[in-house]
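Visitor: Following this message is one structure expressed as C-alpha cells.
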Amino acid sequence: MADKTELQYTAEHEWVLVDGDTATVGITAYAADKLGDVVFVELPAVGSAIAAGTVVGEIESTKSVGELFAPIDGTVAEINDAVVDSPELVNSDPLGEGWLIKITLKTLPALLSYAEYSAITGE
Amino acid sequence: MTSASPDPTSSQNDDAVTERFSPLHAAHVAAGASFTDFAGWQMPVRYSSDLAEHHAVRKAAGLFDLSHMAEIRVSGPQAGEFLDHALAGQLSVIDLMQAKYSLLLNSRGGIIDDLVVYRTGETDFLVVANAGNHDQALDALTARAARFDVVVADESNDTALIAVQGPNALAIVQATAGLSTDGDLAGLRYYRALTAAFAGTPVLIARTGYTGEDGFELYLPNAAALALWDAIVVAGAVHGLVPAGLASRDTLRLEAGMPLYGHELTTSTYPAQAGLGRVVNLAKPTDFVGRTASEEGPAGDAPVLVGLVSAGKRAGRAGYQIFRSPDATEAEGVITSGALSPTLGYPIAMAYLPPALARLDTEVFIDVRGTRAPATVIALPFYKRRK
Numbered sequence: 001m002a003d004k005t006e007l008q009y010t011a012e013h014e015w016v017l018v019d020g021d022t023a024t025v026g027i028t029a030y031a032a033d034k035l036g037d038v039v040f041v042e043l044p045a046v047g048s049a050i051a052a053g054t055v056v057g058e059i060e061s062t063k064s065v066g067e068l069f070a071p072i073d074g075t076v077a078e079i080n081d082a083v084v085d086s087p088e089l090v091n092s093d094p095l096g097e098g099w100l101i102k103i104t105l106k107t108l109p110a111l112l113s114y115a116e117y118s119a120i121t122g123e
Numbered sequence: 001m002t003s004a005s006p007d008p009t010s011s012q013n014d015d016a017v018t019e020r021f022s023p024l025h026a027a028h029v030a031a032g033a034s035f036t037d038f039a040g041w042q043m044p045v046r047y048s049s050d051l052a053e054h055h056a057v058r059k060a061a062g063l064f065d066l067s068h069m070a071e072i073r074v075s076g077p078q079a080g081e082f083l084d085h086a087l088a089g090q091l092s093v094i095d096l097m098q099a100k101y102s103l104l105l106n107s108r109g110g111i112i113d114d115l116v117v118y119r120t121g122e123t124d125f126l127v128v129a130n131a132g133n134h135d136q137a138l139d140a141l142t143a144r145a146a147r148f149d150v151v152v153a154d155e156s157n158d159t160a161l162i163a164v165q166g167p168n169a170l171a172i173v174q175a176t177a178g179l180s181t182d183g184d185l186a187g188l189r190y191y192r193a194l195t196a197a198f199a200g201t202p203v204l205i206a207r208t209g210y211t212g213e214d215g216f217e218l219y220l221p222n223a224a225a226l227a228l229w230d231a232i233v234v235a236g237a238v239h240g241l242v243p244a245g246l247a248s249r250d251t252l253r254l255e256a257g258m259p260l261y262g263h264e265l266t267t268s269t270y271p272a273q274a275g276l277g278r279v280v281n282l283a284k285p286t287d288f289v290g291r292t293a294s295e296e297g298p299a300g301d302a303p304v305l306v307g308l309v310s311a312g313k314r315a316g317r318a319g320y321q322i323f324r325s326p327d328a329t330e331a332e333g334v335i336t337s338g339a340l341s342p343t344l345g346y347p348i349a350m351a352y353l354p355p356a357l358a359r360l361d362t363e364v365f366i367d368v369r370g371t372r373a374p375a376t377v378i379a380l381p382f383y384k385r386r387k
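Chain order of the listed sequences is A and B. Here UniProt numbering is used: position 22 in the first sequence is 22, and no number is missing along the way. Here UniProt numbering is used: position 242 in the second sequence is 242, and no number is missing along the way.
Written out as C-alpha cells, the structure reads:
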C-alpha cells in the first residue's frame, strides 16, 4: 500500500502514483468508503488512448455507480485484472491491491497534493 | 471518480434543514457507522460493509435503528371507524395486538403513504408511517379526524424503533437481558404484537419487518432505547448479530419485493398498479378517502410494477429506462429500484411497464448508461426465505 501523503490526487477522488513515464491510478479510501462495497469494476482496454477528464471506466457498489475519469492524457498500459475478478479489493486496499489502471504518460500532469486533496474531503 | 447515480437510501430532499439525530446516535458513532441524511435525519447507512450486513440478516441476524420512522397514535371511541375512513383497509375489524399493512390514499386514489397499523387497545391504534412522509401522513390523518371522536397524537419525537431481523432474531430477543414479554414470543405469529417491559419501560414487540426474514420490531420511549440496543447487542454476540445500516435494509427489501415509498409508490401511483390492490378494501361497508377513484381503478393501459432479472453484474438502477428492443427509440418504462442482488448474485430491479410488456418471461432491454442490457420479467419477490 502506497503512502497516501506521497501520492497525487484529483478532485474526482482518484489517486495517481507517477513513476517515470507510468502513472498508476486508483480511487481514494474516501471515495471507496462513500461508495460502499464495490461489486463491479469496468476498466478500459489495454492500449486505448485516453484523454484527461473523460470517463474511462465504472465502479459500481451495491448502492451506486461511480465513473472513473482519466486523470491524465496517455495510453492504457495495464489494467488490474485482480480487481475485475475481486472488486472488493477497492474497499479493502484502495491505495494498494485495489489499483485500477496504469497509464503511459504523454506529459507530466498537474495534480493535487495530499494536503490539497485533504482540504477537499475535509478529512 | 464521481457518482453517476443517485443514492437510493438518501433523502430526495436536498433542502432538508433540520438535522435530526436518533436516540441511538451515540451507539452508531461508537460502532463506527457512516451516516446518511434520510428525510432530515442522520441515520447509519452502514457500519463496515453493507454486503456483510446484508448477508448477516439472511444467515444470522441484523440490528436496525428505525427511530426516524413516524409513530402516530390514534385513540378514542371512534378510532376504528376513523381509520376505516382515513385508510384503505378495514382496521376496525383487526384483532387486539394485530398489525396490518395499509395505505393512506388521496382522493384521486394515489398513495400518500404506506404504513403499518397496530391495534394496541380496543380504541387505541399505533400508525407507523415513513419518515419522509411524517408531515403528509400526520396532516392527512389530522384533517380526516375532524368529524370523528378521536385524538391523533404525534409520538414520533418520543419513540424509538429497533428491529432485529434474521433467522436468529427470536433467540436473540428471547436472550436479551432485562426484557420480559407478556406472553410467548416464540408463539407470536407474523404481523402480531405483544407488550413487554425493559427495565420498567413498556415496549411493544411486533413480529414484523422489511427484510424478507423472520424478525421483530421493538417500539419504546427514547430514554430507554440506548440501554435496550446495548442489551440486544450483548445477547446477539453468540448468534452472529451485527448492526445493519440503511444500505443493507434497501437491498434486503428489494430482494423481498417490498415497495419503498418514493420509488415504487407515489401520490400518482394507484395501489393496483403496484400490486397492492388487495390492500384497498372495496368490500368494507363504509366510505373512505380514495374509494371512488379506487373503484374506477387505473386506466387499462396504465403501467404495472414488475420484477426484472438480468445476467451479468451490471445492475439497472432507479431511473433507468426500459425499451422493447435493443434499437427501440421510445422508452416503455422505468426502473424504480435496482441493484446487483447480494443474495442471488445477479441484477434485480423493480420497474413499471405497460401491461403488454409486463407478462412473465417477457424480454425487455434496460438502458444501462448507454448500453441496452436484456432483462426478463419475473414474478415478485426475487427472494423468499425457507420457512
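In this text, a Cβ means the ideal position worked out from N, Cα and C, and glycines have one as well.
Taking contact to mean 3 or more Cβ pairs, one atom from each stretch, closer than 8 Å, check whether the segment 52 to 70 of chain A and the segment 12 to 32 of chain A are in contact.
Guide: Output reads yes: the segment 12 to 32 of chain A touches the segment 52 to 70 of chain A.
Visitor: Is it buried or exposed, T107 (chain A), if we count other Cβ atoms within 10 angstroms and call 16 or more buried?
Guide: Burial call: exposed.
Visitor: Sort B:R46, B:G240, B:V242, B:A70 by Cα distance to H134 (chain B) and report the nearest one.
Guide: Nearest C-alpha to H134 (chain B): B:A70.
Visitor: How would you label E255 (chain B), buried or exposed, when you count the other beta carbons within 10 angstroms and need 16 or more for buried?
Guide: Buried: at least 16 other Cβ atoms inside 10 Å.
Visitor: Applying the criterion that 16 or more other CB atoms from any shown protein chain within 10 Å of the CB defines a buried residue, is Y47 (chain B) buried or exposed?
Guide: Buried.
Visitor: Give me whichever residues DSSP pairs with I335 (chain B) in a beta bridge.
Guide: Note: I335 (chain B) sits in a beta bridge opposite B:A351.
Visitor: Within 10 Å of its beta-carbon, does T336 (chain B) have 16 or more other beta-carbons around it, so buried, or fewer, so exposed?
Guide: Burial call: buried.
Visitor: Given this structure, state the Cα-to-Cα distance separating P298 (chain B) from R278 (chain B), to the nearest angstrom.
Guide: The straight-line gap from Cα to Cα measures roughly 14 Å.
Visitor: Would you mind telling me which residues of chain B sit closer than 9 Å to D81 (chain A), beta carbon to beta carbon, in chain order?
Guide: What D81 (chain A) touches in chain B: nothing, since even the nearest Cβ is about 15 Å away.
Visitor: When DSSP labels each residue in this structure, what does A23 (chain A) get in the three-state scheme?
Guide: Three-state DSSP puts A23 (chain A) in a strand.
Visitor: Of the choices B:S341, B:K100, B:L96, whose alpha-carbon is the least far from that of G89 (chain B)?
Guide: Residue B:K100 is the option with its Cα nearest to G89 (chain B).
Visitor: Suppose you measure from the CA of A124 (chain B) to the CA of Y118 (chain B); what does that come to, to the nearest Å?
Guide: Note that residue 124 (chain B) is Asp in the sequence shown here, rather than Ala. Computed Cα separation, rounded: 9 Å.
Visitor: May I have the straight-line CA-CA distance separating R369 (chain B) from W15 (chain A), to the nearest angstrom?
Guide: Near 25 Å, if we compare the C-alpha coordinates of W15 (chain A) and R369 (chain B).
Visitor: Using a C-beta to C-beta distance shorter than 7 Å, which residues of chain B count as neighbours of G36 (chain A)?
Guide: Within chain B, the residues near G36 (chain A) are R46, D50, A247.
Visitor: Using the Cβ count rule (16 or more neighbours within 10 Å means buried), how would you classify R359 (chain B)?
Guide: R359 (chain B) is exposed by the Cβ-count criterion.
Visitor: Starting from the Cα of A70 (chain A), find the closest Cα among A:E78, A:Y117, A:G57 and give me that residue.
Guide: Cα-wise, what sits closest to A70 (chain A) is A:G57.
Visitor: So which residues of chain B does K4 (chain A) contact, with C-beta pairs closer than 7 Å?
Guide: Residues of chain B passing the Cβ test: none, with the nearest at roughly 16 Å.
Visitor: Could you have a look at A379 (chain B) and say whether DSSP puts it in helix, strand or coil?
Guide: Coil at A379 (chain B), not helix or strand.
Visitor: Contact between the segment 173 to 187 of chain B and the segment 232 to 243 of chain B is defined here as three or more beta-carbon pairs at a separation below 8 Å; is this criterion met?
Guide: Result yes; three or more Cβ-Cβ pairs closer than 8 Å.
Visitor: Would D85 (chain A) pass as an interface residue toward chain B - the criterion being a Cβ-Cβ separation below 9 Å?
Guide: So, not an interface residue.
Visitor: Could you compute how far the alpha carbon of I101 (chain A) sits from the alpha carbon of Y117 (chain A)?
Guide: Cα to Cα, the separation comes out at about 20 Å.
Visitor: Shorter than 9 Å from the beta carbon of H54 (chain B) to some beta carbon of chain A?
Guide: Interface residue, yes.
Visitor: Cα separation between T22 (chain A) and I72 (chain A)?
Guide: Roughly 11 Å separates the two Cα atoms.
Visitor: For the structure I just gave you, are there three or more beta carbon pairs, one from the segment 72 to 85 of chain B and one from the segment 41 to 57 of chain B, closer than 8 Å?
Guide: Segments in contact, no.
Visitor: Counting contacts by CB-CB distance shorter than 9 Å, is E123 (chain A) in contact with chain B?
Guide: No, its Cβ sits nowhere closer than 9 Å to a Cβ of chain B.
Visitor: Under a three-way DSSP split, which group does K387 (chain B) fall into?
Guide: In the structure shown, K387 (chain B) sits in coil (DSSP, three-state: anything other than H, G, I, E or B).
Visitor: If we count Cβ pairs, one from each stretch, closer than 8 Å, do we get three or more for the segment 187 to 199 of chain B versus the segment 139 to 156 of chain B?
Guide: No: fewer than three Cβ pairs fall under 8 Å.
Visitor: Taking only the alpha-carbon atoms, compute the straight-line gap between P8 (chain B) and L246 (chain B) and give it to the nearest angstrom.
Guide: Low local confidence applies: a pLDDT of 44 at P8 (chain B) is under 50, so the model's placement there is unreliable, with the coordinate-based value given in what follows. Rounded to the nearest angstrom, the two C-alpha atoms are 10 Å apart.
Visitor: Measure the C-alpha to C-alpha separation of L138 (chain B) and V150 (chain B) and round it to an integer number of angstroms.
Guide: The straight-line gap from Cα to Cα measures roughly 14 Å.
Visitor: Is there a Cβ of chain A sitting closer than 9 Å to that of D250 (chain B), yes or no?
Guide: Output row for D250 (chain B): interface = yes.
Visitor: Give a yes or no on whether the minimum CB-CB distance between R144 (chain B) and chain A is below 9 Å.
Guide: Answer no: the Cβ-Cβ gap between R144 (chain B) and chain A never drops below 9 Å.
Visitor: Whose CA, out of B:A160, B:G110, B:E363, B:R314, lies closest to the CA of T266 (chain B)?
Guide: It is B:G110.
Visitor: Hey, P167 (chain B) and E213 (chain B) are a contact pair by Cβ (cut 8 Å); roughly how many whole angstroms apart?
Guide: That pair is a contact at about 6 Å.
Visitor: Is there a C-beta anywhere in chain A that falls below 9 Å from the one on R192 (chain B)?
Guide: Judged by the 9 Å Cβ criterion, R192 (chain B) is not in contact with chain A.
Visitor: Our contact map puts A196 (chain B) next to I205 (chain B) with C-beta atoms below 8 Å; I'd like the distance itself, whole angstroms only.
Guide: Yes, A196 (chain B) and I205 (chain B) are in contact; Cβ-Cβ is about 5 Å, under 8 Å.
Visitor: So does the segment 298 to 317 of chain B actually touch the segment 337 to 349 of chain B, counting three or more Cβ pairs closer than 8 Å?
Guide: Segments in contact, yes.
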